[in-house]
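FYI, in the working numbering the residues of the sequence shown are 870 to 1566.
Backbone N, C-alpha and C define an ideal beta-carbon position, used for all residues, glycine too.
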Amino acid sequence: MGEIGSLLDKVESNEIVLPEFQREFVWKKDQAKELMKSLYSGYPIGSLLIWVTENPPEIKNDAVDREQYGLFKVLLDGQQRLTVLYMLVKDDIPPYYTDNEIRHDPRTLYFNLDSGEFKYENKSTRDNPEWVKITEIFNDGINAWDVAREKIGDDSNEISSKAEHYHKQIKQLERVTSRPLPLEELPKSADVHQAIDLFDRVNSQGTDLGDAELALAHMSAQWPYIRREMKKKQTDLAEKGFSFNLDFYVKCIVAVISGTMTYTKVYDTDKNILMEKWDQIEDILDYLVNFLQNEGHIPDSSYITTRAVLIPIIAYLDKNDIRLNQTEKNSFLKWLYVAMMWSRYGRSTDTTLEKDLSLLGDNQPTAELMAQIEDNRGGQIEVRASDFDGRGKRSKRFYNMVRIVTRANNPVDWKTGEPLKGSYDLESHHIFPKSQLYDDLYNSSNHMGKKRVNEIANRAFITSRGNHEIFTDLPENYLPDVRENYPEAFNKQFIPDNSELWKLENYEDFLAKRRELLAQAVNDFLESFDDPSQGGGDERELANLIEAGENHRIEFKETVKYDVYRDQANTELRAEAVKEICSFANSDGGTLIIGVEDKDKEVRGIDRDLKLMQNGKDDFELQLNQEIRDRLGEHFAATYTQVSFEELYGETVCVVSVEQSPKPIYYDGDDFIVRIGSSATSLSIKDANDYIGENFA
870 MGEIGSLLDK VESNEIVLPE FQREFVWKKD QAKELMKSLY SGYPIGSLLI
920 WVTENPPEIK NDAVDREQYG LFKVLLDGQQ RLTVLYMLVK DDIPPYYTDN
970 EIRHDPRTLY FNLDSGEFKY ENKSTRDNPE WVKITEIFND GINAWDVARE
1020 KIGDDSNEIS SKAEHYHKQI KQLERVTSRP LPLEELPKSA DVHQAIDLFD
1070 RVNSQGTDLG DAELALAHMS AQWPYIRREM KKKQTDLAEK GFSFNLDFYV
1120 KCIVAVISGT MTYTKVYDTD KNILMEKWDQ IEDILDYLVN FLQNEGHIPD
1170 SSYITTRAVL IPIIAYLDKN DIRLNQTEKN SFLKWLYVAM MWSRYGRSTD
1220 TTLEKDLSLL GDNQPTAELM AQIEDNRGGQ IEVRASDFDG RGKRSKRFYN
1270 MVRIVTRANN PVDWKTGEPL KGSYDLESHH IFPKSQLYDD LYNSSNHMGK
1320 KRVNEIANRA FITSRGNHEI FTDLPENYLP DVRENYPEAF NKQFIPDNSE
1370 LWKLENYEDF LAKRRELLAQ AVNDFLESFD DPSQGGGDER ELANLIEAGE
1420 NHRIEFKETV KYDVYRDQAN TELRAEAVKE ICSFANSDGG TLIIGVEDKD
1470 KEVRGIDRDL KLMQNGKDDF ELQLNQEIRD RLGEHFAATY TQVSFEELYG
1520 ETVCVVSVEQ SPKPIYYDGD DFIVRIGSSA TSLSIKDAND YIGENFA
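Next up, the structure:
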């Protein structure tokens, strides 16, 4: 047995510590409130499980100098309760946590001195002096007489009895720290594996500790800092707009190590394997986020209806050294969109993932993955207009699909006509304003009325400024100006061009027509990811790129080995090409096309280069890739560049696709090059530091 107050003092002095394998503080505020209610009422709140040892595992937050302590009391079970009590009684964060690790801080909990109720801070607690902050009761001392005077006034005959009642309530709450709390101890002879096993068995009796959390605890026994490393990556990706919980990262490592969703298969994985695979997963996640943002029209994780849809792609990238050719990119993107839209992981997520992971070894894994969705849907994966009927923003699988398709269609602002492709803060605008619809057509308290008003078909995605300026104007008033000034805005957001449909009385007809347009837009978008080699799609796309000319994302090189001026080999030409690749990597990504004159855009092909090489295109690709590796690094070359050969107008050209790098890339280790306009430019140290601070921080 130990009194709560004494136990909290031991936490403060680091006599009781928390092991690194423990999960974070996850209790919600309501759970903290219920704990205090139970203690105040004298109800039991369970026991604590402590492991007394001279050889503890890594301690969370490095809260204690291991060399200064001989015997440690490691908390295995009860940390959620003890953490809540520490914060409310000590008015501080326990030493095994930092402020940013407490997501649901309970220290705004108040106690009513009259009724004995508990409530979190709101207007009623601020306006009534009987509501007192719990942390103030335990730390500052509350004078019952002062509260009584403020509540009923100095002259009241009831002030004495009221103050006495308040005093009793305060004392009853303060006695919480004197409550005994049963302690169970794991003996000193136990080792870390036995402690983890007991931690597992104790927590598995409840419902709050999931398979992923238990797997993470077991992996922590092998590699104590795995949780810290995951949280670092969690913070890093959150800053880029992709917020994932720790369970997601555990699923990643389970899938990559075992090829399954069987969590027990990673329990005894060697530390070195865990570290190696986690390093690989970090690189995969950087690549994947970059890919989703730049090619998938997914600027942040709010567009992803379920994180599970990323697991098969991550596992495939691990098998293929973080490389996808363009066909694979297209296939995986289409599958990802379809899987999200038709709720591939809506039920039995891990079971479904296990099945999908087993298909990644096939020659055409995306075809097999897509077949699973088609089988579940009876062969129908196309979107129909009726799929949008009555669906609003909460129908995330369709709402997000429309957001993605709209971004892919390069929308323009309805007020200025400027492209919105790079803007990530577009707002969801009601084309027909809600206020007008509720005033004239629908009852705001009617469920079906609300669904009609808030349908996806009544949404467009525009800037905050545009949304504010249109405000409650009717489309029959503002859409004519949009059509006249920026006619492309209609097609880019799939707006019916019939002005009769813009009238309030024709709102239902407008919805019907726009549902058709949205369904067609989604289907066309998905079909665009099918193999473009059918019908010469690659050739047309390449011809269009060349015709558009050099710009911030396109660069031409006539040759990379044959010097057209000296009529001889020149190895410096490859280095110049790699500088262009470096500039794309540090900017927005881009494409280097070799075999095209930069001035007149004439396609000359790479035959002159090939004649200087023994094995033709194989040597060309080998030498170019080697130059990229030597100048920019092995990892960058393997992950963020792709070399291919295309036939155009009877000539062979080389196309180097370059992804935007999530980290600064230095040419030859010290030259920082960016793309400015249609040129690669080396920056000074000061300018490079400023650029990196603005774009890579």
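Residue i versus residue j: straight-line alpha-carbon distance, rounded
{"i": "Arg1176", "j": "Lys1382", "result": "33 Å"}
{"i": "Phe1267", "j": "Ile1142", "result": "40 Å"}
{"i": "Ile1534", "j": "Asp1457", "result": "13 Å"}
{"i": "Asn930", "j": "Tyr1185", "result": "34 Å"}
{"i": "Asn1312", "j": "Asn1367", "result": "27 Å"}
{"i": "Phe1111", "j": "Ile1028", "result": "57 Å"}
{"i": "Glu1009", "j": "Ala1124", "result": "Glu is not the amino acid found at residue 1009; the sequence shown has Asp there. Approximately 52 Å between the Cα atoms of the pair."}
{"i": "Ser984", "j": "Ala1032", "result": "13 Å"}
{"i": "Asp1309", "j": "Tyr1376", "result": "11 Å"}
{"i": "Pro1168", "j": "Asn883", "result": "43 Å"}
{"i": "Phe1514", "j": "Lys1198", "result": "17 Å"}
{"i": "Asn1114", "j": "Gly1502", "result": "31 Å"}
{"i": "Phe1330", "j": "Ser1171", "result": "15 Å"}
{"i": "Asn1278", "j": "Leu1386", "result": "13 Å"}
{"i": "Ser1030", "j": "Ile1011", "result": "16 Å"}
{"i": "Val880", "j": "Pro963", "result": "7 Å"}
{"i": "Tyr1094", "j": "Met1209", "result": "33 Å"}
{"i": "Phe1201", "j": "Met1130", "result": "20 Å"}
{"i": "Ile1182", "j": "Asp1539", "result": "34 Å"}
{"i": "Val1281", "j": "Leu1295", "result": "11 Å"}
{"i": "Ala1059", "j": "Ala1090", "result": "14 Å"}
{"i": "Lys1430", "j": "Glu1516", "result": "20 Å"}
Beta-carbon proximity of residue i to residue j, cut-off 9 Å
{"i": "Asn1159", "j": "Glu1528", "result": "yes"}
{"i": "Leu957", "j": "Thr994", "result": "no"}
{"i": "Ala1017", "j": "Tyr1035", "result": "yes"}
{"i": "Asn969", "j": "Asn981", "result": "no"}
{"i": "Thr1460", "j": "Val1522", "result": "no"}
{"i": "Glu923", "j": "Lys1057", "result": "yes"}
{"i": "Val1274", "j": "His1166", "result": "yes"}
{"i": "Arg1334", "j": "Lys1284", "result": "yes"}
{"i": "Pro1344", "j": "Phe1398", "result": "no"}
{"i": "Met1088", "j": "Val1045", "result": "no"}
{"i": "Lys959", "j": "Thr977", "result": "no"}
{"i": "Asn1194", "j": "Gln949", "result": "no"}
{"i": "Ile919", "j": "Leu944", "result": "yes"}
{"i": "Trp1204", "j": "Ile1242", "result": "yes"}
{"i": "Arg1276", "j": "Ile1325", "result": "no"}
{"i": "Asp1225", "j": "Ile1180", "result": "yes"}
{"i": "Glu1427", "j": "Val1465", "result": "yes"}
Residue i, DSSP secondary structure in three states
{"i": "Ile928", "result": "strand"}
{"i": "Ala1059", "result": "coil"}
{"i": "Phe890", "result": "coil"}
{"i": "Gly871", "result": "strand"}
{"i": "Gly1075", "result": "Its pLDDT being 44, under 50, Gly1075 is placed unreliably by the model, and the measurement read from it follows with that caveat. Of the three classes helix, strand and coil, the one that applies to Gly1075 here is coil, per DSSP."}
{"i": "Leu982", "result": "coil"}
{"i": "Leu940", "result": "coil"}
{"i": "Gly1474", "result": "coil"}
{"i": "Tyr1535", "result": "strand"}
{"i": "His1299", "result": "strand"}
{"i": "Asp946", "result": "strand"}
{"i": "Arg1251", "result": "Looking at the sequence itself, residue 1251 is Glu, so the reference to Arg does not match. Coil at Glu1251, not helix or strand."}
{"i": "Tyr1118", "result": "helix"}
{"i": "Ile1415", "result": "helix"}
{"i": "Ser1030", "result": "helix"}
{"i": "Glu1496", "result": "helix"}
{"i": "Thr1133", "result": "helix"}
Distance between beta carbons of residue j and residue i, contact taken as under 8 Å
{"i": "Ser910", "j": "Pro1051", "result": "About 18 Å separates the two Cβ atoms, so there is no contact after all."}
{"i": "Tyr1206", "j": "Met1270", "result": "6 Å"}
{"i": "Ile1415", "j": "Val1447", "result": "No, Ile1415 and Val1447 are not in contact; Cβ-Cβ is about 21 Å, not under 8 Å."}
{"i": "Tyr1536", "j": "Ile1545", "result": "Their Cβ separation, rounded to whole angstroms, is 15 Å, which puts Tyr1536 and Ile1545 out of contact at 8 Å."}
{"i": "Asp1469", "j": "Glu1419", "result": "Rounded, the Cβ-Cβ distance is 12 Å, inconsistent with contact."}
Residue i at chain D interface by Cβ criterion, 9 Å
{"i": "Asp1258", "result": "You won't find chain D in this structure, because it holds only one protein chain."}
The ligand ADP heavy atom lying under 8 Å from the CB of residue i
{"i": "Tyr1156", "result": "This structure does not include the ligand ADP; it has no bound ligands of any sort."}
Cβ contact check for the segment 1097-1108 and the segment 1127-1139: 3 or more pairs under 8 Å
With the cut-off at 8 Å, the segment 1097-1108 and the segment 1127-1139 do not touch.
Could you say if the segment 1464-1473 and the segment 1484-1493 meet the contact criterion of at least three C-beta pairs nearer than 8 Å?
No, they do not touch.
With a threshold of 8 Å, are at least 3 pairs of Cβ atoms found where one atom belongs to the segment 1315-1322 and the other to the segment 1354-1374?
Contact between the segment 1315-1322 and the segment 1354-1374 is absent, because fewer than three Cβ pairs lie under 8 Å.
With a threshold of 8 Å, are at least 3 pairs of Cβ atoms found where one atom belongs to the segment 1228-1236 and the other to the segment 1253-1263?
Contact check between the segment 1228-1236 and the segment 1253-1263: fewer than three CB pairs, one atom from each, fall below 8 Å, which does not count as touching.
Using 8 Å as the Cβ pair cut-off and three pairs as the minimum, do the segment 891-906 and the segment 959-973 touch?
These segments touch.
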